[in-house]
Structures are given as structure tokens and as C-alpha cells.
Amino acid sequence: MQYDHKKIEKKWAEKWVKDKTFTLDLKKAKNPYYALFMFPYPSAEGLHIGNFYAFTCVDVLAKYKKLKGYDVFEPIGFDAFGIHSENYALQIGETPSKMLERTKANFRQQLVSAGLGCDWTREVDTTTPEYYKWTQWIFTKLFEKGLAFQKEALLHWCPSCKTVLADEQIEGGGCERCGTIPEKKKMKQWFFKITDYSQRLLDGLEKMDWSEITKSAQRNWVGKSEGALVKFQLAKSDFPQQVCEVGLQTIDVFTTRPDTLFGATYFVMSPEHKIISNLKSQISNFEEVKKYIKKTGAKSDMERIENKEKTGVRLEGIWVVNPVNGGKIPVWIADYVLMGYGTGAIMAVPAHDQRDWEFAKKYKLPIIEVLKGGNGPYINSGFLDGLGKEEGINKMIEWLEEKGLGKRTVNYKLRDWCISRQRYWGPPIPVVYCEKCG
């Protein structure tokens, strides 16, 4: 007699659903265990092998716990909103709602046939008002606490799709959907103020039973840095190198190494820095600058970080004053400086920073060594000469604070979370705008 595994598996999978074998009365559970895997996106005609790889691991653990006497709750549902469903619907020429009727049915059949121990009586669909009313409830609670707010943000915009693009939606310099080169555009967006919790997120990691690799990745994501915020004043370009009449405007720079200020030989801003448009009349090569800004806007932040060859354009006619020696240093814009980190501007110390060194060598900019070895002593550094690194950092910050040219600062790489993109298929933000006052 031959064992017909397909027939047997089908029989028991269907019986488990019919008999509600894995349905749990949560109120009566005495020894509860919650087993959760990531709900699939029904944005294709069927599940792929990776889905089953992930689901099976959790399901095996859930069934093991059930055999050990636990009251196991293993929910199931479909994360059906979002760009994946929207893009697939566009690709096949259907509305997302019509497409999802079919894809969810197929996904459901595949999940049942896999014999997963899910509680199908509590199936979740994120596109139903019964579900997303809770998404909206959470939003209103955050809004009431000032943690959901609107502000202008510089974003990647696809002029063809008329939508905002995330970094990962830019492929080869173009929109993943239509190939159009995106442009940078300022738009009012909704954000969650997660930066209020930067230090709390780091502190909480110490209590987590996670691997050190995972914790390290999370620390890098929050990105805590201690240093100083330094004021660089704009200088009039027609003054000699060491006699600078200070202009009215200042550009702040966050640096973890204020002690190397004597080695700052040029100054770099992100192409998106707001001060550039204010300096338009003083920049003699503004047309060249404008072209570079447009070209950089087509790149994702990831491309700009990973791109080995750094590029930039000098802002002809613009200089800033090095606060420690009064010398004028030239101002550039470059793709390797991002508006989303620090202040969107850096002091370049090519003798002690690899990126700055590569840029300086490429554009033949001065390189001044100010620190011997990794920890000192300092050279070519005025009042820091002869000191060690730690003493030098503290003395420089004290000097900047005394002169009103800077202050000790803690900076985080973490940014507030932009949650509103101009997408058709997503939960409505529960805010009503007044026609008169906005």
C-alpha cells in the first residue's frame, strides 16, 4: 500500500480548521503562550518559499509549546496595505481592493495546506476599518501628546508617479516603479517624534535578552555621538586670508573632534542646506551649483554614503572663518554630506579623516596635520600643542564655550519617523483640516 501524503495532509489540515483545533479561549487560558510570525503581504499571486521558511520555525515552536501544556495563541492575518500591494495592483491593472480578494484567498489556502497551527477565527486584515481604527486610535493618542506632528521635509519626489519615494524605492538613480529620475522636494509631512526617546532606546537595550550583534546594530541605528556644536561665521570674500571681517550669518557644525579645528582647511555643506539659496547673489558659479544640486537630488542617501568616489562643487565667492585662528577657509557642497545627520555641514580635517583626505587629494585642497599618532601630542594647534587627545578635546570645548563660539553637545543619528507619503493604498490619517485656518 502506497502512502498518499498529499491526501493525508489535506485531510488533517482541513479538519484542524473545521474543528477549530488551534482556536483558544483567551479568557480561560491559564498558561498562555503567544507565538507570532510576521503576517504576509498579499502583494503577489502566492507565497514564496521564504515565507514558509519563516512561518514554519515559529509554528514548530508553537506546537512544541502546545504539547508541553501551554495555551498557545498563534494569530494569522494579512498586512495588506502599503506600497507592495499598490505597485502589484498597478502592474496587473486592477484596484488593490479587487486584487486582494483573490490574492488573500490564495494565500489563505496555501497557509491552511501547510498545516500551520493558526487561529483562523481571529484572522486580521489591515485594510478593514475594524483593524485600522486602532491604527488611527494610536495616532490620535500620539497627536494628543505632541508626538505626532507636521513639518516641512526634503524628500525624494517622483514627478511621474506624483509620490514620495523612500531610499529603497530608488533603483539605479530612478524610481523603481517608472524609472523617472526623482527630484528633491520640500513637502509638509506627518512625523512621529521618536527622537524624544533616543537615550531611552539605548538604555532599554541593556535590559534586552538579545545577542550583542543585534544590540550593536540598534546602537548604531540610534547613533549617539558626544562632541561640540561649533559656530562658523561667513566671511567677506575680498579680505586677505588672515584678516577676516566676520559676516552676519553663521553656520553650525556638529563635530565629535573639535580638538582638530586647527586642521580644518575647508568647509562642506550638504547640497540641500537651506543657506545656499540665501547666498545665491554671492555665489559667482551659481548655475554650476544648481546643476550639481539637481544631480545629487537623484541619488538616494544610501548611494551617497556608499559611493566610493566623492564629488563636490566649490561655492565660488563664499568663505567661512575658522573660529580658532581667524583664517578663511573655502566652502564646498558635496554628496557625501547628508542633511539628515548633524547640521548638514562639516568642518573638513583631511589629515585626520579618510573621506576628507580623499576629497582634499582629488580637489588639491590643503592638508594640515594637527595630531601625532592616535592620541597626541598636538602639533600646529596653538594652545593645544603638546597635550594628549582627551585633554585636548575638553580644553577646546571649554575654550569655545568661553568665547561663545560653540558648546558641548550630544547628537543622535536617529531622526523623527516620517509616516505620511502620498500613497493611495494606506490607512487614512485621522485629521480633518479646517478650510479657513488649515
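Everything in the sequence shown is counted per my numbering, starting at 519 for the first residue and increasing by one. Built from N, CA and C at the ideal position, the CB exists for glycine as well. These figures come from a predicted structure and were not determined experimentally.
If residue i sits next to residue j, beta carbons under 8 Å apart, how far is it from one beta carbon to the other, in whole angstroms?
{"i": "Q707", "j": "C936", "result": "5 Å"}
{"i": "I864", "j": "V807", "result": "The pair is not a contact, with the Cβ atoms about 18 Å apart (cut-off 8 Å)."}
{"i": "A782", "j": "A866", "result": "6 Å"}
{"i": "F557", "j": "V630", "result": "The pair is not a contact, with the Cβ atoms about 15 Å apart (cut-off 8 Å)."}
{"i": "I601", "j": "R832", "result": "Not a contact, Cβ separation roughly 39 Å."}
{"i": "G633", "j": "A531", "result": "5 Å"}
Can you have a look at residue i and say buried or exposed, based on whether 16 or more other CB atoms are within 10 angstroms of its CB?
{"i": "C679", "result": "buried"}
{"i": "H523", "result": "exposed"}
{"i": "V949", "result": "exposed"}
{"i": "I610", "result": "exposed"}
{"i": "A580", "result": "buried"}
{"i": "D777", "result": "buried"}
{"i": "S603", "result": "buried"}
{"i": "Q687", "result": "buried"}
{"i": "H674", "result": "buried"}
{"i": "N929", "result": "buried"}
{"i": "M914", "result": "buried"}
{"i": "F901", "result": "exposed"}
{"i": "G697", "result": "exposed"}
{"i": "L918", "result": "buried"}
{"i": "S561", "result": "buried"}
{"i": "T814", "result": "buried"}
Helix or strand or just coil, what does DSSP make of residue i?
{"i": "V578", "result": "helix"}
{"i": "G765", "result": "At G765, the pLDDT of 44 sits below 50, so the modelled position is not reliable; the number obtained from the coordinates is stated separately. Here G765 sits in strand by DSSP."}
{"i": "V771", "result": "strand"}
{"i": "W728", "result": "coil"}
{"i": "L856", "result": "coil"}
{"i": "Q520", "result": "coil"}
{"i": "P758", "result": "A caution first: P758 carries a pLDDT of 44, below 50, which makes its placement in the model unreliable, though a value can still be read off. If DSSP states are grouped into helix, strand and coil, P758 belongs with coil."}
{"i": "T653", "result": "helix"}
{"i": "T645", "result": "coil"}
{"i": "M556", "result": "coil"}
{"i": "T541", "result": "coil"}
{"i": "D721", "result": "helix"}
{"i": "H674", "result": "strand"}
{"i": "G815", "result": "helix"}
{"i": "W530", "result": "helix"}
{"i": "F625", "result": "helix"}
{"i": "F596", "result": "strand"}
{"i": "D714", "result": "helix"}
{"i": "L918", "result": "helix"}
{"i": "E805", "result": "helix"}
What does residue i pair with, by DSSP beta-bridge criteria?
{"i": "S743", "result": "N929"}
{"i": "R832", "result": "W850"}
{"i": "D589", "result": "P550"}
{"i": "V786", "result": "W850 and I864"}
{"i": "T681", "result": "C676"}
{"i": "K659", "result": "K659 pairs with nothing; no bridge assigned."}
{"i": "I688", "result": "C693"}
Which residue wins for smallest C-alpha separation from residue i, given the options the options?
{"i": "K792", "options": "W739, K529 and G858", "result": "G858"}
{"i": "A666", "options": "T713, H566, G635 and I886", "result": "T713"}
{"i": "W739", "options": "K536, E527 and R933", "result": "R933"}
{"i": "D637", "options": "H674, T539, K954 and G924", "result": "T539"}
{"i": "W943", "options": "L585, A562 and L608", "result": "L608"}
{"i": "K749", "options": "N840, G860 and D543", "result": "N840"}
{"i": "T829", "options": "V786, D597, M519 and T861", "result": "V786"}
{"i": "S799", "options": "Y810, G835 and K817", "result": "G835"}
{"i": "L747", "options": "T927, K546 and L542", "result": "T927"}
{"i": "S716", "options": "L544, K931 and T814", "result": "K931"}
{"i": "L923", "options": "T768, H870, I886 and F780", "result": "T768"}
{"i": "K663", "options": "D589, N569 and F710", "result": "F710"}
{"i": "A869", "options": "E887, E953 and F877", "result": "E887"}
{"i": "Y551", "options": "E730, L585, G910 and K809", "result": "L585"}
{"i": "K669", "options": "K890, M705, G862 and P677", "result": "M705"}
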